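S.K.: Next up is a structure, given as C-alpha cells.
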Amino acid sequence: MVKAKYIKDHVTGYGKDVSRATRNKFDISNQLIVKAALGDEKSLTQIADMGKLGERLQMTLPTIKDHLKNYIQGNTQYNQALSELYKEGGKGALAIDKAASDLTLENTRFNNLLEEYKERLFTSLEAEENRHLDQMDTIELQAWVDSQMKEIDYKVQMENISNKPYVAQLKADQDYENKKIQHILEHGSDSDLSLIPRKHYITNPLSRMWQNIRDLFS
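When we follow the working numbering, the leftmost residue of the sequence shown carries the number 34, and every step to the right adds one.
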C-alpha cells in the first residue's frame with residue numbers, strides 16, 4: 034500500500050495564503066486530497082459529494098438565475114407601466130379640461146405657424162437638398178465598406194475551412210497523447226502503444242493540397 038510519507042508537497046509552502054483561502058472558502062486541503070488518494074472512504078465520499086454538488090449548481094443555477102431575473106424584471110416593468118399609464122392619464126384628463134379654453138389660443142397659434150412655415154419653406158428645401166446629398170454619400174460609403182467586409186469575411190471563411198485538417202490533427206494528437214498516458218498508467222511496464230490507434234489527417238500529399246488552398250486565401 035502506498036504510504037502518505039512518499040507524497041512530497043513542494044509548492045504549498047510558497048502559497049500559504051492562497052492555500053489557506055482555498056481551505057477556508059471551499060474546505061479543500063492537502064490532507065483531504067492525500068487521504069482520498071490513499072483510499073480513505075470518508076475523504077473520497079466528501080470529494081465525490083462536493084463534485085456532484087458543484088455539477089448540480091452549474092446545471093441548475095443558470096436557469097434559476099434566468100427565472101428569478103425574469104420575475105424581477107417583469108414586476109419592475111409592470112410597476113413602471115402602471116406609473117407611466119397613470120401619469121399619462123393625469124395629463125390626458127388635464128388636457129381635456131383645458132381643451133375648450135385653449136381652442137382660441139391654438140387657432141391664433143395655427144395662423145402664426147402657417148405664416149412662419151411659409152417663411153421657412155425656402156430654407157427648409159435647401160437644407161433638405163443638402164441632407165439628401167449627404168445621405169447619398171453615406172449610402173455609397175456604407176456600400177463600399179460592406180463590400181470590403183464581405184470580401185474579408187469570405188477569405189476568413191475559406192481560411193477556416195482550409196485549416197480544418199490542421200485543427201483536427203491537433204485534436205487527434207492531443208487525444209492520442211491522453212490515451213497513451215492513460216494506457217501507460219493502467220498497464221505500466223506491460224504497455225503496448227501499438228494498441229492505441231492514431232489518426233493522421235495530414236499526410237504529405239494532403240498537406241501540400243491544403244497548403245495550396247490556404248495560399249489562395251492568404
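All C-beta atoms, glycine included, are put in the ideal place defined by N, C-alpha and C.
Predicted, not measured: the structure shown is a model, and the values here were computed from it.
Is the beta carbon of ILE235 less than 8 angstroms from the beta carbon of HIS216?
M.R.: Against a cut-off of 8 angstroms, the Cβ pair of HIS216 and ILE235 comes out as no contact.
S.K.: Quick one: using the 10 Å Cβ neighbour count with 16 as the cut-off for buried, is SER195 buried or exposed?
M.R.: By the neighbour-count rule (16 or more Cβ atoms within 10 Å), SER195 is buried.
S.K.: For a quick check, are the C-beta atoms of THR45 and ASN63 less than 8 angstroms apart?
M.R.: Against a cut-off of 8 angstroms, the Cβ pair of ASN63 and THR45 comes out as a contact.
S.K.: Determine the contact status of ILE61 and ALA69, defining contact as a CB-CB distance below 8 angstroms.
M.R.: No, Cβ-Cβ distance for ILE61 and ALA69 is not below 8 angstroms.
S.K.: Which parts of the region 121-162 are runs of the beta strand (DSSP E), unbroken and 3 residues or longer, counting only runs that do not cross its ends?
M.R.: With a minimum length of 3 residues, no continuous beta strand (DSSP E) run stays inside the region 121-162.
S.K.: Do you know how far the Cα of LYS188 is from the Cα of ARG231?
M.R.: Between ARG231 and LYS188, the C-alpha separation is close to 32 angstroms.
S.K.: Quick check: what's the CA-CA separation for ALA132 versus LYS120?
M.R.: So the two alpha carbons sit approximately 18 angstroms from each other.
S.K.: Give the straight-line distance between the Cα atoms of GLN207 and LYS213, rounded to the nearest whole angstrom.
M.R.: GLN207 and LYS213: Cα-Cα distance of roughly 10 angstroms.
S.K.: Quick one: grab the DSSP three-state call for ASP225.
M.R.: Here ASP225 sits in coil by DSSP.
S.K.: For THR45, which of helix, strand or coil comes out of DSSP?
M.R.: In this structure, THR45 counts as helix in the three-state DSSP scheme.
S.K.: How many Å lie between LEU158 and ARG164 at the Cα?
M.R.: Answer to the nearest angstrom: the Cα atoms are 10 angstroms apart.
S.K.: Which residues bound the alpha helix (DSSP H) around LEU65?
M.R.: From DSSP, the alpha helix (DSSP H) with LEU65 extends over 63-70.
S.K.: Suppose you measure from the CA of GLN113 to the CA of TYR47; what does that come to, to the nearest Å?
M.R.: Rounded to the nearest angstrom, the two C-alpha atoms are 55 angstroms apart.
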